[in-house]
Each structure stands twice: as C-alpha cells, then as structure tokens.
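With the UniProt record's numbering as the guide, the letters of the sequence shown map in order to residues 1 to 69.
Here a beta-carbon is modelled for each residue, glycine too, at the ideal position from N, C-alpha and C.
Model, not experiment: these values are computed from the prediction.
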Amino acid sequence: MENRLKTLREAKGWSQGELARRLGVSRQTINAVETDKYDPSLPLALRMARLFGVPVPELFIDHWNPVEE
Numbered sequence: 001m002e003n004r005l006k007t008l009r010e011a012k013g014w015s016q017g018e019l020a021r022r023l024g025v026s027r028q029t030i031n032a033v034e035t036d037k038y039d040p041s042l043p044l045a046l047r048m049a050r051l052f053g054v055p056v057p058e059l060f061i062d063h064w065n066p067v068e069e
C-alpha cells in the first residue's frame with residue numbers, strides 16, 4: 001500500500017532518524033514503511049497521523065478496487 005510518509009516527513013524537514021525517534025520506532029521501520037516493504041500496525045499508523053495532523057486515510061493510497069458481484 002503506497003503512503004505519503006516520505007512526503008510529509010520531508011515537508012517537516014525531518015530525517016528518517018528524527019521521525020523514528022518521534023514515533024518510538026527504528027529508522028529501519030521508517031525506511032521500510034516509506035519504501036512499501038512494511039505496512040505499519042494500526043497503533044503506529046495512528047501515531048503517524050497524530051504527529052502530522054492528518055487523518056489516517058490521508059497517509060495511505062489504496063489502489064484496491066472491490067469486485068462487484
């Protein structure tokens with residue numbers, strides 16, 4: 001699932017390490033989320049949303065389309 005984490009982080013002028021510190025996770029976790037190698041847990045997604053002042057859905061870009069029956 002694509003996300004806007006890198007864009008939001010860079011707009012604040014934060015490094016991956018700084019964002020990781022603010023969220024209480026490793027820099028590797030931030031890198032994995034930004035490169036779509038890891039989907040964050042709901043608690044982490046909520047912390048991200050609060051930190052950036054956006055709703056959780058605005059953090060993520062979902063390309064899933066339901067199949068109509």
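When only Cα atoms are considered, R22 and M1 end up about 23 Å apart. Burial is judged here by how many other beta carbons sit within 10 angstroms of a residue's own beta carbon; L42 has fewer than 16 and is exposed. When only Cα atoms are considered, T29 and G17 end up about 10 Å apart. When DSSP reads this structure, F60 sits in a beta bridge with N3.
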